[in-house]
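Residue numbers for the sequence shown follow UniProt numbering, beginning at 1 and rising by one.
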Amino acid sequence: MVGLSEGEKHFIRGGIAQDLRADGRTRLQFRALTVETGIIPQANGSARVRMGATEVIASVKAELGKPTILHPDKGKVSIYVDCSPTAAPMFEGRGSEELSAELSVALQRCLLGGKSGAGAAIDLSSLIVVEGKACWDLYIDGLVVSSDGNLLDALAAAIK
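What follows is the structure, encoded as structure tokens:
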């Protein structure tokens, strides 16, 4: 991680003292949020979310599958996030791969909870159609179109 220059630190301190962010908001003001649903016709669900200058697209595809032998009472969820190299200069090269992996893992933790499943937003047992024979396999894909902060928040809102 690159440290901040003295000029950047001074700019940040001044903004805190004046209760003013670089985009004109106060410290307690949220970014404007817009949600557009049904943007990918081939998906079972999709949304575009804009939070300020951040824009993400998420889609969910559901397919019938077979539960694993280890978890015959649970369905499956696969999460993948891709960061467009044009979303921000830091996404060029390997930067996008690293952030894509971090966001995918963070969303997985948010949606599926820890190893025990505690705190999960998605109850995998609710994806069972016939125990041991059929379940729903959910494929959740996210795309970061532009980045100006709040990526995880925007992706979570798009998936919800």
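Glycine included, each C-beta is placed from N, C-alpha and C at the ideal position.
Beta-bridge partners of residue i, as assigned by DSSP
i, result
"Thr-54", "Met-51"
"Val-81", "Gly-142"
"Gly-113", "Paired residue(s): none; Gly-113 is not in a bridge."
"Ser-59", "Ser-46, Asp-141"
"Gly-65", "Cys-135"
"Lys-76", "Asp-137"
CB of residue i within 8 Å of CB of residue j, strictly
i, j, result
"Lys-61", "Asn-44", "yes"
"Lys-74", "Asp-137", "no"
"Leu-155", "Leu-107", "yes"
"Ala-87", "Ser-5", "no"
"Ala-118", "Gly-142", "no"
"Ile-140", "Ser-78", "yes"
"Leu-33", "Thr-26", "no"
Rounded straight-line distance, which links the Cα of residue j to that of residue i
i, j, result
"Met-1", "Ile-57", "In this prediction, Met-1 scores a pLDDT of 49, lower than 50, which makes its location untrustworthy; the coordinate-derived value is nonetheless stated afterwards. Cα to Cα, the separation comes out at about 27 Å."
"Val-81", "Leu-103", "6 Å"
"Ala-22", "Thr-54", "15 Å"
"Glu-36", "Arg-48", "5 Å"
"Lys-133", "Gly-15", "58 Å"
"Lys-9", "Arg-31", "23 Å"
"Pro-85", "Glu-97", "10 Å"
"residue 219", "Met-90", "In the structure as shown, the chain begins at 1 and stops at 160. Residue 219 is therefore absent and cannot be evaluated."
"Asp-123", "Arg-109", "13 Å"
"Ser-59", "Leu-127", "18 Å"
"Met-51", "Val-105", "21 Å"
"Gly-38", "Cys-83", "21 Å"
"Cys-135", "Glu-92", "38 Å"
"Ala-17", "Asp-153", "26 Å"
"Ile-69", "Gly-24", "54 Å"
"Gln-42", "Gly-7", "48 Å"
"Arg-13", "Leu-111", "36 Å"
"Ser-46", "Lys-160", "9 Å"
Boundaries of the beta strand (DSSP E) in which residue i is found, first to last residue
i, result
"Gly-14", "Counting along the chain, Gly-14 falls outside any beta strand (DSSP E), though it belongs to the alpha helix (DSSP H) covering 6-17."
"Leu-143", "134-146"
"Leu-33", "33-37"
"Ile-128", "128-130"
The alpha helix (DSSP H) enclosing residue i, as first and last residue numbers
i, result
"Ile-159", "151-159"
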